[in-house]
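I have placed the structure first, in the form of structure tokens, so that the comments after it can refer back to it.
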Amino acid sequence: MTKKSLATAALTLLALVGMSMSAMAETVVKIGNVEPLSGPSASVGQQGKNAREMAVEEINAAGGIKSLGGAKLELIYADSKSDPNVGVTETERLINTDKVNIVTGCWNSGVTYPATAVAERYGVPFVVPVSVRDTITERGFKYVFRIAAKDSWWTRDQFTFLKDMKDEFGTELKTVAFVYENGDWGTGFAAQWKKLAEEAGYEIVLDEPYPSTATDLTPVVNKIRRARPDVLLLTSNAADAVLITNTLSDYKVTPKVVLGSGGGHADPTFISGTSDNAKFMFDIVEWETDVNKPGAKETNDKYKAKYGSNLTGEAVDAYVAMYVIADALERSASLEPAKIRDALAATDLKTGPAAIVAYDSIKFDATGQNENAALAIVQINDLGQGLERITVWPKASRRAGYTPVFPMPQK
Amino acid sequence: MTPQSFKKTGLALLVLTALALPLILRSPTYLHILIMLYLYAYMTTTWNLVGGFAGVLPLGHSVFVGIGAYTSTVLWLQWGISPWIGMLVGGCLAGFVGYLIGKPTLKMRGAYFALATMAFVEGVRVIVENVDKLGPFKLNGPRGLNIPPLPAGESSFLAFQFSTKEPYYYIILFMLMGVAYLTWRLSRSKLGYSLSAGGEEPEAAEALGVNVAKCKVTAMVLSAFLTALAGTFLAQMTLFIYPKSVLTLDLSFELAFIALIGGRGSLAGPIIGALMLRPVTEFSRIYLSATLPGMHLILLGVILIVVMLYQPRGLSEPLTRLMSRLQDRICSTKTGGAQ
Amino acid sequence: MDLIFLLQDVINGILMGSIYGLVALGLTLVFGVLKVINFAHGSFLMVGMYVAYWVVAFTGLHPYLALVLVTPIMYIFGYLMQQWLIRPIFVAERDVREPITVIIVTTGVWYVLDNLALLLFGPDYRALSPNPLKGEMIELGEILISTPKLFGFTITVLTAAGLYWFLLKTRMGRAIRATSLDRDAASLMGISQWKVFNVAFGIGTAIAGIAAVVLVPVYNVYPTVGVPFDVKSFVIVVLGGLGSIPGALLGGVIIGLIESIGPNFMTSTWTEAIVYGLFLLVLFFKPSGLFGQKYDW
């Protein structure tokens, strides 16, 4: 061999070794996601999945986690079937077998509650995008972080909204009716509504739980009709939200205010299932497409083009959760659980794609709760381009140029 | 080697392997899967006492699981009574309820009995979902009951909570072996013979002086008691119970399906069913649900249909035949001939 | 004033109840003839609803006109189910007293169909579109009557009458009745048991298809939509008497009335418990139901 060819061979070998070394050094950060991909909450689980994938694609395309040598994020999914036992098993599996670095999930509060306990036991950070049950962040856990507001904040904001509307429009609101799905979520809300209503001096004329799988809600609507409430508060899942809204309209029941609690009322199929019957209804949500934040519209358009529907509260928080994780990883520059946990605890995210949330920054307090999480109230109305959800409260976030229709016009 | 010693050695090997497994498989996830497997094998074996031996089709057996779970949990949360004692109380309560349910329904035709058991479990579920308190007992409706976990790393036998999976593994293993032994003894007892006679030809059995109805009810009460013990175990494993987790038709159906596919009426059938089907459903859920949601349920349904069409007595039959052939080879005997 | 509301509830109960009765009608026919409770009946209803949904979506036909297509499709579906899945078990268990295995297989079919629908169509709730019946109400003073439910009531009565006429007057109908009364005697008379079973199952499923068309304008379609109707159908069928047509309708109306009037005295979640309680009472004290005959099988 000539000297030249020897040199070439040596250089090639060096290059190969170098490339393989960098390939080995390219770490992957595994994020485990426990979502209801089958069962009654399957459509929400799918939204959460889509949103995460979109975020991770963007993060990886932008170079991954730079402080970890461009490490890419990898998503691993587990189906909880909305069953807490399954959720617990799956969380354990993700942690022990798949050895994920971080876990997110699980939409159903009933699943998130025990699943986060598992992560806490193993010392693996768990980011909760949306499950609202208060007690998830009230157990003194160190490894659990929640982005969305607690459910006591939801009900609190619902009543503050009512008060603000009363003041703004000078309408009298004396009587209130609660109609809610009789699961964990609905009964939890109802218990708080009762307290808040009594404090605010309302007269409760109806307290009606109903089974979410009811085939006919006419009897419930008839009871509402009979009670003649000024305010109707609803907590419903997807199928019953549509059924009750249509039935309310069929039977010409028009309280002064109809206020939903997200969930079924925020589902993408709600408006298509009810069309004009949903007009002038209010709903409380984590986020809405017209929120006055830079990048919100573009991100929503991108999601819509990819997956066919607008971002919902769950989708946005799942999307944002990925960026919160990426941000924490950048700051921790390490895959050690304790370091990631500390980085998460120090989060104060104001800018970037995660800042499309309706509030100013994501900052976790000592219990792991995002202390800035706020909610928005929207009204469903047709402004000439079809039915849409328009942010109306807090007043500062209200869509420019829109005055809410209050109270609801009588039929 | 004689057939008897073949069987004995085989059994001994099985038991030894089961006892030793936690030392080999250290991963908590695999242990957890095994624990759930044994739990299902336990529940299907107790189901078998009614579904197999008494020859009827109970499709609401989870009501006993629910009673067991709720009883021990309520006693622990409200009065600090150890779940072990709560387990026994729950078992007795379930046995009583089993008597109440069984007395009028076991006389009915198969389809009616199945429907009645379904109505019971659904009725109980609706009631529990709608009441916060039943007299002095806090049931908490749909929100269910949470058992506060001991601080990380702590275990307590009395409180029936352990920080590692191993104790749970051994407890359920012993429960399973106990119930399997019980079933074996039962099948050879007077009660067992009466039941199988009553299942095949009730009139003839009655003519021979067998009180078929009484035997069936006894089986039901026994089954109820034992199933409730599993409920307590489940509650202590997951530390969280709510109506749709323990009082659901889904669980009842799953137990029935597994026992049927495995082969009801036989000793090993339910256990074999659980051993084969639980991994199939678990793994198909783990690997397929992200891309094909609900696939694991489709698989379970298809397997059920196929097995029922071609092997209505369950898969334990062809498997036992295989075993006897193996036994013949090893012991150089000819099964079925004169010995 | 209160009386008006009560009347409103009664009317709604009767209308909704008749639709429940229509759903249960197919089930009771199958039971009366084959002595088998088809646990997958709710899933058949779901299939019918998806078929109706797609027919309307692709052709833009008025949903009631879509009946013309939906009914034969469902008939064939039921016929084939019976032929492929149920008949082999009957043959295998010829000497067993009660083919419990059939119940098990139909439960398996339930699981498979519901989850197959989830897999193929996704979990989304679909509203019928175009839906000319949406929100149509008839106003009689203070009382509002839902037009699609009123149509449902009419269709139920017509279907029941049609079925009755079929069983009484046609040859196949008489063959079906003979087989349901005494399987072996009918066989000896030259009636092909299997043909009868297939036809009966087919008709039962076709009726589920009619019920699906009636429901689809008022109720969204999704993979597990059949489940609440399934359980209700069992209750109705036992209440009314297995195999009895007027029993199915009356049973349905009773359930409908309980669901509508009950909430006046308690929250609607308790009416479920009442329905189950009534069910158990009937099973204990009069298992043959209101109109059923005492079968010796």
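Residue numbers (the working numbering), protein chains in the order written: chain A, 1 to 411; chain B, 412 to 750; chain C, 751 to 1047.
Every residue gets a Cβ at the ideal spot worked out from N, C-alpha and C, and that includes glycine.
Report task. Out of TRP287/A, VAL88/A, ALA62/A and GLU53/A, point me to the one whose CA is closest to GLU74/A's CA. Result -> Taking the first residue of the first sequence as 1, we reach residue 74/A at position 74. Nearest Cα to GLU74/A within the set TRP287/A, VAL88/A, ALA62/A and GLU53/A: GLU53/A.
Taking one C-beta from the stretch 806–821 of chain C and one from the stretch 999–1009 of chain C each time, how about it: are there three or more such pairs within less than 8 Å?
The answer is no - the stretch 999–1009 of chain C does not touch the stretch 806–821 of chain C, with fewer than three Cβ pairs under 8 Å.
Problem set entry | Within the stretch 30–103 of chain A, ranges of the alpha helix (DSSP H) (whole runs, at least 4 residues) | Fully enclosed alpha helix (DSSP H) runs of 4 or longer: 42–61 and 84–96.
Exercise for the section: Under 8 Å by Cβ, that's how I've got SER695/B and MET706/B pegged, so tell me the actual separation to the nearest angstrom. Expected result: Here residue 695/B corresponds to residue number 284 of the second sequence, with the count starting at 1. Here residue 706/B corresponds to residue number 295 of the second sequence, with the count starting at 1. Rounded, the Cβ-Cβ distance is 6 Å, consistent with contact.
- Item | DSSP three-state assignment for TYR143/A, whether helix, strand or coil | Counted from its first residue, the first sequence places residue 143/A at position 143. It is coil, neither helix nor strand.
(Q) Assuming the contact rule is C-beta atoms closer than 8 Å, SER727/B and ALA670/B should be a hit. Round their C-beta distance to whole Å, please. (A) For this step, residue 727/B is matched to residue 316 along the second sequence. For this step, residue 670/B is matched to residue 259 along the second sequence. Not a contact, Cβ separation roughly 10 Å.
Practice item. Give the residues from the stretch 855–881 of chain C that approach chain B closer than 7 Å (Cβ to any Cβ), ordered along the chain. Key: The residues in question are VAL855, THR857, GLY858, VAL859, TYR861, VAL862, ASN865, LEU866, LEU868 and LEU869.
Rounded C-alpha distance that separates ASN541/B from PRO1013/C: Numbered from 1 along the second sequence, position 130 holds the residue referred to as residue 541/B. Numbered from 1 along the third sequence, position 263 holds the residue referred to as residue 1013/C. In a straight line, the C-alpha of ASN541/B is about 14 Å away from that of PRO1013/C.
Exercise. List, in order along the chain, the chain B residues whose C-beta lies closer than 7 Å to that of TRP1020/C?
Worked result: As a first step, residue 1020/C must be located in the third sequence, where it is residue number 270. Ordered by position in chain B, the residues that pass the 7 Å Cβ test against TRP1020/C are ASN541.
> Going along the stretch 917–940 of chain C in order, which residues come within less than 8 Å of chain A, judged by CB to CB distance?
Replying inline: Of all residues in the stretch 917–940 of chain C, none has a Cβ within less than 8 Å of some Cβ in chain A.
key: Range of the contiguous alpha helix (DSSP H) that encloses ARG331/A   = For the purposes of this step, residue 331/A is identified with residue 331 of the first sequence, where counting begins at 1. From DSSP, the alpha helix (DSSP H) with ARG331/A extends over 313–332.
**Study point:** Min CB distance GLY477/B to chain C below 7 Å
**Key:** Residue 477/B sits at position 66 when you count from the first residue of the second sequence. Not one chain C Cβ lies under 7 Å of GLY477/B.
Measure from the C-beta of SER272/A to each C-beta in chain B and report whether the shortest distance is under 7 Å.
The count along the first sequence starts at 1 and reaches residue 272/A at position 272. Against chain B, the CB of SER272/A has no partner CB under 7 Å away; the residue lies outside that interface.
Classify THR955/C as helix, strand or coil using the three-state DSSP reduction. As a working note, residue 955/C is residue 205 in the third sequence. Helix, per DSSP.
Let's see if you can read the secondary structure: which residues bound the beta strand (DSSP E) around GLU181/A? Residue numbering aside, residue 181/A sits at position 181 when the first sequence is read from its first letter. It spans 175–181 - the beta strand (DSSP E) in which GLU181/A sits, taken as one unbroken run.
Q: Under 8 Å by Cβ, that's how I've got PRO560/B and GLN572/B pegged, so tell me the actual separation to the nearest angstrom.
A: If you number the second sequence from 1, residue 560/B lands on position 149. If you number the second sequence from 1, residue 572/B lands on position 161. About 7 Å; that satisfies the 8 Å criterion.
query: Quick one: what's got a C-beta closer than 7 Å to TYR914/C's C-beta in the same chain, skipping five residues either side?
result: As a first step, residue 914/C is located in the third sequence; it is residue number 164 there, counting from the start. Within the same chain, TYR914/C has close Cβ partners ILE995.
Margin query: For LEU878/C and GLY506/B, I'd like the C-alpha separation in whole angstroms.
Written below: Numbered from its first residue, the third sequence carries residue 878/C at position 128. Numbered from its first residue, the second sequence carries residue 506/B at position 95. When rounded, the distance between both Cα atoms is 49 Å.
**Prompt:** Who are the Cβ neighbours of LYS304/A in its own chain at under 7 Å, not counting the five residues just before and after it?
**Reply:** If you number the first sequence from 1, residue 304/A lands on position 304. Excluding residues up to 5 positions away in sequence, ASN310 lie with their Cβ nearer than 7 Å to the Cβ of LYS304/A in the same chain.
Next on the checklist: At a CB distance below 9 Å, what residues from the stretch 200–231 of chain A approach chain C? Give them in sequence order.
Outcome noted: Residues are counted here when their Cβ sits less than 9 Å from a Cβ of chain C; for the stretch 200–231 of chain A these are ASP207, GLU208, PRO209, TYR210, PRO211, THR213, ALA214, THR215, ASP216, LEU217, THR218, PRO219, VAL220, ASN222, LYS223, ARG225 and ARG226, given in chain order.
query: Among the residues of its own chain, which have a CB less than 8 Å from the CB of THR638/B, if the five just before and after it don't count?
result: Locating residue 638/B in the second sequence gives position 227, where the first residue counts as 1. Only MET454, THR457, TRP458, HIS472, PHE475, VAL476, GLY479 and ALA505 meet the Cβ criterion.
Spatial distance of ILE853/C from ASN788/C (CA atoms) = Counting from one through the third sequence, the residue named residue 853/C turns up at place 103. Counting from one through the third sequence, the residue named residue 788/C turns up at place 38. If I take the Cα positions, the gap works out to 7 Å.
Among the residues of its own chain, which have a CB less than 7 Å from the CB of GLY45/A, if the five just before and after it don't count? Counting from 1 along the first sequence, the entry for residue 45/A is found at position 45. Closer than 7 Å at Cβ, skipping near neighbours: GLU35, PRO36, LEU37 and TRP107.
Original post:
Tell me which same chain residues have a C-beta within less than 6 Å of the C-beta of ALA802/C, skipping the five on either side of it?
Top reply: One-based indexing of the third sequence puts residue 802/C at position 52. If we look at ALA802/C and ignore the five residues flanking it on each side, its Cβ neighbours are ALA816, VAL820, ALA962, VAL963 and VAL966.
**Message:** Residues of chain C with CB closer than 8 Å to the CB of ASN277/A, please, in chain order.
**Reply:** As a first step, residue 277/A must be located in the first sequence, where it is residue number 277. The contacting residues are GLY885.
Looking only at C-alpha atoms, which of GLY313/A, TYR210/A and ASN85/A sits nearest to GLY48/A? What you label residue 48/A is simply residue 48 of the first sequence in a count that begins at 1. If we check each option's Cα against that of GLY48/A, GLY313/A comes out closest.
Limits of the unbroken beta strand (DSSP E) element including VAL205/A | Position 205 of the first sequence holds residue 205/A. For VAL205/A, the uninterrupted beta strand (DSSP E) segment begins and ends at 203–210.
Using a C-beta cutoff of 7 Å, does LEU703/B count as contacting chain C? Residue 703/B sits at position 292 when you count from the first residue of the second sequence. Closer than 7 Å to some Cβ of chain C, the Cβ of LEU703/B qualifies, so yes.
- [ ] For ALA191/A, I'd like the list of residues in its chain whose CB is within less than 6 Å of its CB, leaving aside the five on either flank, ordered along the chain.
- [x] The residue labelled residue 191/A in the question sits at position 191 within the first sequence. In the same chain as ALA191/A, and ignoring 5 residues on each side of it, no C-beta atom comes closer than 6 Å to its own.
- Message: Using the three-state DSSP reduction, which class does LEU427/B fall into: helix, strand or coil?
- Response: The residue given as residue 427/B occupies position 16 in the second sequence. DSSP places LEU427/B in helix when its eight states are reduced to three.
Problem set entry | Start and end residues, beta strand (DSSP E) containing GLU889/C | In the third sequence, the residue the question calls residue 889/C occupies position 139. Element bounds for GLU889/C: 887–890.
List the residues of chain A that TYR653/B touches, going by C-beta distances under 9 Å, in chain order. Here residue 653/B refers to the residue found at position 242 when the second sequence is read from its first residue. Result: PRO84, GLY110 and ASP184.
Using a Cβ cut-off of 8 Å, which residues of the stretch 426–440 of chain B contact any Cβ in chain C, in chain order?
So nothing in the stretch comes that close.
Near ARG689/B, which residues of its chain fall below 6 Å by C-beta distance, leaving aside the five closest residues on each side in sequence?
-> If you number the second sequence from 1, residue 689/B lands on position 278. For ARG689/B, the CB contacts under 6 Å within the same chain, skipping 5 residues up- and downstream, are LEU448 and TYR451 in chain order.
Under a CB-based cut-off of 7 Å, is ALA570/B close to chain C?
Indexing the second sequence from 1 puts residue 570/B at position 159. No, ALA570/B lies away from the interface with chain C (no Cβ there is under 7 Å from its Cβ).
Among ARG740/B, THR575/B, LYS514/B and GLY463/B, nearest to TRP595/B - alpha-carbon criterion: For this step, residue 595/B is matched to residue 184 along the second sequence. Minimum Cα distance to TRP595/B is reached at GLY463/B.
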